[in-house]
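Shown next, in structure tokens, is the structure this report addresses.
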Amino acid sequence: MKRRTFCKAAAAASLSAPSTFAIGQPGPSANSKINVALIGVGGVGQFAFNHCGEGENIVALCDVDWRDSPGGFAKRAAAKHVHRAPDAKRFTDFRKMLDQMEREIDAVVITTPDHTHYPITMDAMQRGIHVCVQKPMARNIQQVRTLQAAAKKYKVQTVMGNQGHCFEGTHRIVEWVRKGILGDVEEVHCWTDRPRLPWFGYFKPTPPPTGPVPDGLNWDLWQGPVADRAYSDEYMPLKWRGWWDYGCGGLGDIGCHVIDAPFWALDLGSPERIEVVEVDQWFNTDYTPRSARLIYHFPAKGDRKAVKLHWYEGKYRPEKLEGMKELPSNGMIIKGSKETVFHEDMRAQSPRLWPSTRMREYGSVLKEKTIPRSPAGHPQKDLWVAIRGDIEACGSNFDYAGPLTEVVLLGAMAIRAKESFDWDPVAMRCSSKTAQQWIEEPVRKGWEYTL
Numbered sequence: 056m057k058r059r060t061f062c063k064a065a066a067a068a069s070l071s072a073p074s075t076f077a078i079g080q081p082g083p084s085a086n087s088k089i090n091v092a093l094i095g096v097g098g099v100g101q102f103a104f105n106h107c108g109e110g111e112n113i114v115a116l117c118d119v120d121w122r123d124s125p126g127g128f129a130k131r132a133a134a135k136h137v138h139r140a141p142d143a144k145r146f147t148d149f150r151k152m153l154d155q156m157e158r159e160i161d162a163v164v165i166t167t168p169d170h171t172h173y174p175i176t177m178d179a180m181q182r183g184i185h186v187c188v189q190k191p192m193a194r195n196i197q198q199v200r201t202l203q204a205a206a207k208k209y210k211v212q213t214v215m216g217n218q219g220h221c222f223e224g225t226h227r228i229v230e231w232v233r234k235g236i237l238g239d240v241e242e243v244h245c246w247t248d249r250p251r252l253p254w255f256g257y258f259k260p261t262p263p264p265t266g267p268v269p270d271g272l273n274w275d276l277w278q279g280p281v282a283d284r285a286y287s288d289e290y291m292p293l294k295w296r297g298w299w300d301y302g303c304g305g306l307g308d309i310g311c312h313v314i315d316a317p318f319w320a321l322d323l324g325s326p327e328r329i330e331v332v333e334v335d336q337w338f339n340t341d342y343t344p345r346s347a348r349l350i351y352h353f354p355a356k357g358d359r360k361a362v363k364l365h366w367y368e369g370k371y372r373p374e375k376l377e378g379m380k381e382l383p384s385n386g387m388i389i390k391g392s393k394e395t396v397f398h399e400d401m402r403a404q405s406p407r408l409w410p411s412t413r414m415r416e417y418g419s420v421l422k423e424k425t426i427p428r429s430p431a432g433h434p435q436k437d438l439w440v441a442i443r444g445d446i447e448a449c450g451s452n453f454d455y456a457g458p459l460t461e462v463v464l465l466g467a468m469a470i471r472a473k474e475s476f477d478w479d480p481v482a483m484r485c486s487s488k489t490a491q492q493w494i495e496e497p498v499r500k501g502w503e504y505t506l
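Per our numbering, residue 56 is the first one in the sequence shown, and the count goes up by one each step.
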């Protein structure tokens, strides 16, 4: 039975932690607690405990890796935050968790590796459960489009975990661009120091060295929809991002953060071409290159001119701005005909016009707020506000996060193929046959999810 069809039955049932936010019911009290399940408890998942705070009710914890060591992230995180989830039930398989606790769960927070985002998110939404999923939304463009459609079909609240979208600095950049302070923008530069340790490995064997599956790890579930292969310490717990079967490389790791502000401010939409400038490839082509440079070509839109967005990862960097001593390891530059805006780090915490002395020319104009702010300051917390009905949708809901994720995935495909290509977003066709094969990918039997 779908969650949205048993709202009244669930309310009347005698459950240990009854759901109060089922789809179709009247808006709940602001004092009501949201029942949350965390899927992916170790690694980034440990931060999800904090964003439930004392206000929400963590009813379940799910992770495929409950071993004591050398991984043990889930077990340690659960122990550290036991005061936040004292009665949470523990699971290894998210499907069993949802089957058993569907009526007790209002929302899930998904912090698993990229290749399992899609099946977990789809399974939850089909049950009428609200979703916060880490970036990128999914592993391929077909999955992203399907998740967007599913959010509408199942009428659930959604958000992607690109935290910077909630930051004041990101909002400021959007406002400066829309006010015309920068003038006409035709050039953007975004960069990251990824891939680097500890999230990516530096090795050359192909295939990687394999070994026995550690006790306490369900390796089959960790692989999820991807073709079965032998276990290797080079895949997990941290280094999966560099393997194309599991992650999306440096761009997939950081792109949804650092590209977010210009994507939003300039309403970039879909690029018409992705140009590969340089790729410094490892010996093992199943693994992301050590460095890469791309140029996204976005067509003119309305009053906005065509924009070239330059992406740099690894050793590559844009030219320093005049008067700049050195570039930070992650950052973003938007160059306009009047002014240039710059921020360091992967998220726009403290953006400024460059040189900084230009800030004085505009005074209080730079502080004027013309667009709504994030109500809670974090995607996960914004989801709670949206579920309660205090806002219509989260800022980085799937209608926004989907197109942003597509931009990131297209770049990752170009890096992986080492080929430039034209892109038709309507037909979902790219001019590279190599890249086209990754628009939609085969999955293992039993892992098929459709609308």
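Glycine is no exception: its CB is placed at the ideal position from the N, C-alpha and C atoms.
Residue range of the beta strand (DSSP E) that includes residue i
i, result
"D178", "Run containing D178: none in the beta strand (DSSP E); it sits in the alpha helix (DSSP H), 172-181."
"T395", "395-399"
"I165", "162-165"
Residues that DSSP places opposite residue i in a beta bridge
i, result
"M156", "For M156, which the question treats as bridged, DSSP gives no partner whatsoever."
"Y504", "Note: Y504 sits in no beta bridge, so no partner."
"L364", "V243, Y351"
"M387", "C245, H398"
"S346", "D335"
"V281", "V281 pairs with nothing; no bridge assigned."
"V188", "I165, M215"
"E330", "I350"
"R296", "Paired residue(s): none; R296 is not in a bridge."
"L272", "D120"
"K356", "R359"
Residue of the options minimising C-alpha distance to residue i
i, options, result
"Q101", "M180, L349, E330, Q189", "Q189"
"D479", "L465, T412, K473, R284", "L465"
"V268", "S475, Q336, L252, Y286", "Y286"
"T343", "Q491, H106, R249", "R249"
"D341", "I309, W298, K380", "W298"
"D148", "E399, I113, W277", "W277"
"C303", "C107, H244, L93, A472", "A472"
"L349", "L376, L306, Q404, A193", "L306"
"Y371", "G457, W246, G418", "W246"
"E377", "T176, V396, R122", "V396"
"P264", "R415, R359, D288", "D288"
"G95", "G110, M468, E109, D118", "D118"
"R443", "F453, S451, A431, D454", "A431"
"P262", "W337, A361, Y173", "W337"
"I175", "R158, I196, L202", "L202"
"L272", "L459, M414, D120, I309", "D120"
"S419", "R227, L252, S392, V498", "R227"
"F453", "N105, I494, R251, C311", "C311"
"E157", "D178, W502, P406, P168", "D178"
"A456", "E496, D322, S87, H170", "D322"
"T225", "D315, V463, N339, S346", "D315"
"T505", "G110, Q197, Q491", "Q197"
"G501", "V481, A469, N112, G279", "G279"
"G357", "D239, L408, K380", "D239"
"F507", "H106, A92, D300, M468", "Outside the displayed range of the chain (56 to 506) lies residue 507, so it cannot be described from this structure."
"G97", "A490, S124, S392", "S124"
"K12", "T166, G127, I113, P434", "Nothing about residue 12 can be reported from this structure: the residues present for the chain run from 56 to 506 only."
Cutoff 8 angstroms: residue i Cβ touching any chain B Cβ
i, result
"L376", "Absent here is chain B; the protein component of the structure consists of one chain."
Residue i: first and last residue of the uninterrupted alpha helix (DSSP H) it sits in
i, result
"L306", "304-313"
"L93", "No alpha helix (DSSP H) holds L93; the beta strand (DSSP E) holding it covers 90-94."
Unbroken beta strand (DSSP E) runs of length 3 or more, entirely within the stretch 193-240: which are they?
213-215
Determine contact between the stretch 421-437 and the stretch 223-240, defined as no fewer than three beta-carbon pairs at a distance below 8 angstroms.
yes
Ignoring anything shorter than 4 residues or poking outside the stretch 466-501, list the alpha helix (DSSP H) runs there in chain order.
488-491
Mind pulling the beta strand (DSSP E) runs of 3 or more residues that sit fully within the stretch 398-457?
407-409
Count the C-beta pairs between the stretch 176-187 and the stretch 141-155 that are closer than 8 angstroms, then say yes if the count reaches three, no if not.
yes
Just list the beta strand (DSSP E) runs in the stretch 99-150, keeping only unbroken ones of 3 residues or longer that don't cross its boundaries, in chain order.
112-117, 144-146
Answer yes if the stretch 209-220 comes into contact with the stretch 429-444, meaning at least three C-beta pairs across the two stretches below 8 angstroms, and no otherwise.
yes
Report yes or no: do three or more beta-carbon pairs, one from the stretch 349-363 and one from the stretch 322-339, lie closer than 8 angstroms?
yes
With contact counted as at least three CB pairs below 8 angstroms, one residue from each stretch, are the stretch 280-295 and the stretch 133-140 in contact?
no
Touch check for the stretch 128-137 and the stretch 91-107: three-plus C-beta pairs under 8 angstroms?
yes
Three CB pairs or more closer than 8 angstroms across the stretch 382-391 and the stretch 190-198:
no
For the stretch 359-377 against the stretch 289-297, are there 3 or more C-beta pairs whose distance is under 8 angstroms?
no
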